[in-house]
Each structure stands twice: as structure tokens, then as C-alpha cells.
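Residue numbers (the UniProt record's numbering): 1 to 171. First the structure, in the form of C-alpha cells, and then the observations on it.
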């Protein structure tokens, strides 16, 4: 069979095991690095807190980019009216403990984050938020794949892999 005769369905089917293997390698790498550095899976400064922080901040950056209509440091945003105006620190209570995140803001004050709303303190079900974002089609800018398709599978695999370990650690 030549590459010209390969159907889209065959391409997707053959890509799924590769994607699963890539997810497994990523998870193994994260756990290995955490163990090598003496980092705990749960608790203050643990791997799950760090992943949650990065996940939320990445989503917030995607939201502000979508709101403003241009990527960070893009010349298209220069002198174009509303623009980024730094970040503000916020601590949210999550399933994995308190997580301090940097929430972006804009000069006009019109940016209303959806993943972590203004004045919201408690945030549960990060995996549910990932699914919700996937349905809304949140992107992180030009030339990048969808944020949600990239993280949704990783978090789902991570959740399945460590579900038993987390239950044991909490007891």
C-alpha cells in the first residue's frame, strides 16, 4: 500500500497507539523527574499542584489571547487599543490543595476569565474544566494545536494512572 492509498481512518487508527505511547512516556518522565528531585505527587509544591498551576495559567493565557485578538508580544497589538497589562496573583483552592496562579489582565479591565472567574476562590474538577474547554474550542494562538486536545488526554491518562495511588495517599 502506498502512502497515497492510506485513508484518513487508517491514519487516525495508527496514530492512536502512538499518542497513547507518547502520553505514557510523558507521564513516566514526569514521575521519574519528580522522584529524582524528591518531589511528592501530592501536597504542598507537589507534582499535581505544579501541573494544575501550569494548566490553569496556560488556559488563562489562551483566554486573554482570544479576548484581545493577538498573541503575547505580537506587533499587531501595539497601539491597537486594549492590550495586556501584566498579571495579578491569585490563590485558588483546588482538589490538590491551594494553588497560586498568575491571572492576566488587560488595560481596559474588560477581560473576564472563564476558567477561573474573578473573585472565585474554590476550583474543583480540573478534569471537568478541560472537557468543558474542549467543547468551547479554546486555542492558545497561531501555529499551536488546541490547548485542550493536548492536555485533556494527558490529564485523563494521569488521573487513571494515579487514581489508586492518590486514594492511598489521602488515607
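The beta-carbon is built from N, C-alpha and C at its ideal position, and this holds for glycine as well. Just so it is clear, the structure is predicted and the values come from calculations on it, not from any experiment.
Taken through DSSP and simplified to helix, strand or coil, residue 24 comes out as helix. Across the structure, residue 91 and residue 119 are spaced so that their CA atoms are roughly 10 angstroms apart.
For residue 42, the secondary structure class from DSSP, reduced to helix, strand or coil, is coil. Residue pairing by DSSP places residue 99 opposite 92 in a beta bridge. With a cutoff of 8 angstroms on beta-carbon distance, residue 63 and residue 114 are scored as near each other.
Residue 17 sits in a helix when the DSSP states are folded into three classes. Residue 47 and residue 34 have their alpha carbons spaced roughly 7 angstroms apart. In terms of Cβ geometry, residue 116 and residue 60 form a close pair [threshold 8 angstroms]. If you look at residue 53, you'll find it in the alpha helix (DSSP H) that goes 47-68. Taken through DSSP and simplified to helix, strand or coil, residue 113 comes out as coil. In terms of Cα proximity to residue 81, the closest of 27, 109 and 125 is 109. Residue 88 sits away from residue 106, with the two beta carbons spaced by 8 angstroms or more. Beyond the five residues adjoining it in sequence on each side, residue 86 comes within less than 8 angstroms, by CB distance, of 104 and 105 in the same chain, given in chain order. An exposed status is given to residue 124, since fewer than 16 other beta-carbon atoms sit within 10 Å of its beta-carbon. Between the alpha carbons of residue 79 and residue 69 lies a gap of roughly 13 angstroms. With distances taken between CA atoms, residue 53 lies nearest to 100 out of 28, 100 and 122.
Rounded to whole angstroms, the Cβ separation of residue 67 and residue 111 is 5 angstroms, and the two are in contact under 8 angstroms.
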